[in-house]
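For the sequence shown, my numbering begins at -3 and goes up steadily by one.
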Amino acid sequence: MNTKTLANWRSLGSGPRFTRIGNRILYSLSAVMDYEERRDYGSTKDYGKEKN
């Protein structure tokens, strides 16, 4: 992922959860995997539907 994309997602609150330590932004593996799982669709008709 592009760092500018991640920064934009953080400002919108739409990307993976992150931790800020000092001036560093860190993403845990579990946060990234959870984000990817929530964005995994079986078909284009399912795209955009809320996942639980």
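Glycine is no exception: its CB is placed at the ideal position from the N, C-alpha and C atoms.
The alpha carbon of R34 has as its nearest neighbour, out of G18, G11, N(-2), the alpha carbon of G11.
For R20, the uninterrupted beta strand (DSSP E) run begins and ends at 20 to 22, by DSSP. For T15, no alpha helix (DSSP H) segment is defined; the enclosing uninterrupted segment is the beta strand (DSSP E) at 15 to 17.
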